[in-house]
Amino acid sequence: MTSKDERERLHALLWALADSLDHESGAGAERSATASGDADRVRALLLDGIQAGKKRRLADARAQHAEAVAAYRGSTSRLPSSAGDRRRLLGQVMERPKVKELVLTIQHRELRDMNDDDVESLLRQLEHLGVLDNLASKKSP
Amino acid sequence: MNQGPQYATDAEVKAAVVALSDDEAHVLRRAAEFRARSLVALGLGVDADDLLKEAIARTIAGTRRWRRGISLVQHLKMTMRSIASHLRDKMNLDLDTPREDGQKRYKLVAATGHEDGDALDSVMSRTPAADAVVAARDELRLIRERFASDQKVLDVIDGLESEMTGPDIQEVLGISDQEYETRIKRMRETLARDRRGP
Chain Z
1 MTSKDERERL
11 HALLWALADS
21 LDHESGAGAE
31 RSATASGDAD
41 RVRALLLDGI
51 QAGKKRRLAD
61 ARAQHAEAVA
71 AYRGSTSRLP
81 SSAGDRRRLL
91 GQVMERPKVK
101 ELVLTIQHRE
111 LRDMNDDDVE
121 SLLRQLEHLG
131 VLDNLASKKS
141 P
Chain A
1 MNQGPQYATD
11 AEVKAAVVAL
21 SDDEAHVLRR
31 AAEFRARSLV
41 ALGLGVDADD
51 LLKEAIARTI
61 AGTRRWRRGI
71 SLVQHLKMTM
81 RSIASHLRDK
91 MNLDLDTPRE
101 DGQKRYKLVA
111 ATGHEDGDAL
121 DSVMSRTPAA
131 DAVVAARDEL
141 RLIRERFASD
151 QKVLDVIDGL
161 ESEMTGPDIQ
171 EVLGISDQEY
181 ETRIKRMRET
191 LARDRRGP
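Chains Z and A, in that order, give the protein sequences. Residue numbering for the first sequence follows the working numbering, beginning at 1 and increasing consecutively. Residue numbering for the second sequence follows the working numbering, beginning at 1 and increasing consecutively.
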């Protein structure tokens, strides 16, 4: 007999017995007289588990969304301070076809139809996406 | 939720659960019981129900998706094994930590990190090491007493306790694969029956 801790020896034995069921699909299973009730209980347990899994998935999605919103809100903005300057900046940004396409996808309207709040909100989104950085870096000498 | 064409949808999982035969449900129950008992042996308070429920919850949550092509029973057995293996690793039995008196001891150190096992980890109890050793010693003694008149099974128990693989045990004992499976099944049935009680 080895000098292994009794916990490890018992664990190894029971783990191997669990593994031995890998080849069991259910046909000829070792059942007791109360098997049918037990099977109902297993199915009910699994159905409960499905609900638990759905709740967990929803909670995870909400947490990820909250994290994304917090990151967006917490980001430092370097937009111009005046509404006029912001509108001019957006106009410059939208001169690039791909950016204009993105803007139209987000806002579904042209610059002239956006109010100052729309302009600022959109610029913040573009800033968060890094579009303004790319534009700035390409314009830099 | 669309999990990709190679993975089952929520509806398919639910349909498969509802369609489980009594035999299949029984196999899952047995697998959960032995897997959970193996962790209890290490001092982790894991319930078979918790393990089985966690396996299906992770299947739906997306962290252990059910790949089409294998049965739900096989998927859940593999998932329970994976969960249990992770929990066991987190226990971090340190075989090389010596005591002051020079004797080796096993140190149970809970990992600090968390993965998607939080739900199960948060409800698990942990038995103090000394108590777990006593409990394991008692259970091993009871198991050996149970098979005192069945040397063939005791030989297999010796091998399994030493973490020998099935093929290694067969080779050492000079028995066939079929004979080995017969002894394992006899052991499993007896222990499960004893656990269930009259």
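Yeah, the Cβ is synthetic: ideal placement off N, Cα and C, and Gly gets one too.
- At a cut-off of 8 Å between beta-carbon atoms, D194 (chain A) makes no contact with chain Z.
- Within the segment 153-167 of chain A, the residues whose Cβ lies closer than 7 Å to some Cβ of chain Z are I157, L160, E161, S162 and E163, listed in chain order.
- At a C-beta separation below 7 Å, I60 (chain A) has these neighbours in chain Z: I50, G53, K54 and R57.
- Taking a C-beta distance under 8 Å as the contact criterion, A11 (chain A) and A136 (chain A) do not qualify as a contact pair.
- By the Cβ neighbour-count rule, I70 (chain A) is exposed, with fewer than 16 other Cβ atoms within 10 Å of its own.
- Going by C-alpha positions, L39 (chain A) is about 9 Å away from S85 (chain A).
- Taking a 10 Å sphere around the C-beta of E101 (chain Z), we find fewer than 16 other C-beta atoms and assign the residue as exposed.
- A:R88 is the residue among A:R88, A:V18 and A:I56 whose C-alpha sits nearest the C-alpha of A36 (chain A).
- Under DSSP, Y7 (chain A) forms a beta bridge with A:R67.
- Taking CB atoms only, H11 (chain Z) has a neighbour in chain A less than 8 Å away.
- In summary, the residues of the segment 19-41 of chain A whose CB is separated from some CB of chain Z by less than 7 Å are L20, S21, D22, D23, E24, A25, H26, V27, L28, R29, R30, A31, F34, R35, R37, S38 and A41, in the order they occur in the chain.
- About 23 Å separates the Cβ atoms of K90 (chain A) and D22 (chain Z), ruling out a contact at the 8 Å cut-off.
- Residue environment for K53 (chain A): buried (at least 16 other C-beta atoms within 10 angstroms of its C-beta).
- Against chain Z, the beta carbon of K77 (chain A) has neighbours under 8 Å at L21 and D22, listed in chain order.
- In its chain, beyond the 5 residues on either side, V93, V99 and L102 have a beta carbon closer than 8 Å to the beta carbon of V131 (chain Z).
- A distance below 7 Å between beta-carbons, with the five flanking residues on each side excluded, links P80 (chain Z) to the following residues of its chain, in chain order: R86 and L89.
- The beta carbon of G174 (chain A) does not come within 8 Å of any beta carbon belonging to chain Z, so the residue lies off that interface.
- Across the structure, A8 (chain A) and S36 (chain Z) are spaced so that their CA atoms are roughly 27 Å apart.
- The beta-bridge partner set that DSSP reports for R126 (chain A) consists of A:L44.
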